[in-house]
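For what it's worth, this note's numbering labels the leading residue of the sequence shown as 2, then goes sequentially. Notes follow once the structure below has been shown.
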Amino acid sequence: MNARTSILNHVNRAEQLLRVVYPLAKEPRVLLDAIKELNKTIPFIIQCRPTKEDAVKLEEIRMILDKHDRAAVEFVRDKKLVMCNDVYTTTKLDTKKVDELIEVCKKYGHA
Numbered sequence: 002m003n004a005r006t007s008i009l010n011h012v013n014r015a016e017q018l019l020r021v022v023y024p025l026a027k028e029p030r031v032l033l034d035a036i037k038e039l040n041k042t043i044p045f046i047i048q049c050r051p052t053k054e055d056a057v058k059l060e061e062i063r064m065i066l067d068k069h070d071r072a073a074v075e076f077v078r079d080k081k082l083v084m085c086n087d088v089y090t091t092t093k094l095d096t097k098k099v100d101e102l103i104e105v106c107k108k109y110g111h112a
């Protein structure tokens, strides 16, 4: 399986989580699962030499997962997953952010 095929497979899974599973489950933690799928595309996208803007977005994916791992508290508010660290700095994850990150990853699967 080549890099583009792998990217498309993971992006398709992330899209399914965002567009099918999330509306049915109404559980914002599904958005985190979509981010985990997008994280799996990063090694393949790096092979495609992403632009600086896209590299920033890829780093954002990693930062979201890192903040999730380090979160002292997580809760749902207004259809967003809110992650708080030890000093209660918050990070919010919503459908708009996940969709934006999917689009960044998707273009490397079609390039």
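Quick reminder that beta carbons are idealized off the backbone N, C-alpha and C, glycines included.
Checklist entry - Between the segment 28–43 and the segment 4–11, are three or more C-beta pairs nearer than 8 Å? => result The answer is yes - the segment 4–11 touches the segment 28–43, with three or more Cβ pairs under 8 Å.
Next on the checklist: I need the DSSP call for Arg71, collapsed to helix, strand or coil.
Outcome noted: helix
Checklist entry - Which two residues bound the contiguous beta strand (DSSP E) that contains Thr6? => result No beta strand (DSSP E) contains Thr6, which is instead part of the alpha helix (DSSP H) from Ala4 to Gln17.
Checklist entry - Residues bridged to Cys49 by DSSP? => result DSSP lists no partner for Cys49.
Checklist entry - Which residue or residues does DSSP assign as beta-bridge partners of Arg1? => result Outside the displayed range of the chain (2 to 112) lies residue 1, so it cannot be described from this structure.
Next on the checklist: Can you tell me whether Thr90 is helix, strand or coil according to DSSP?
Outcome noted: Here Thr90 carries a coil assignment [DSSP, helix/strand/coil].
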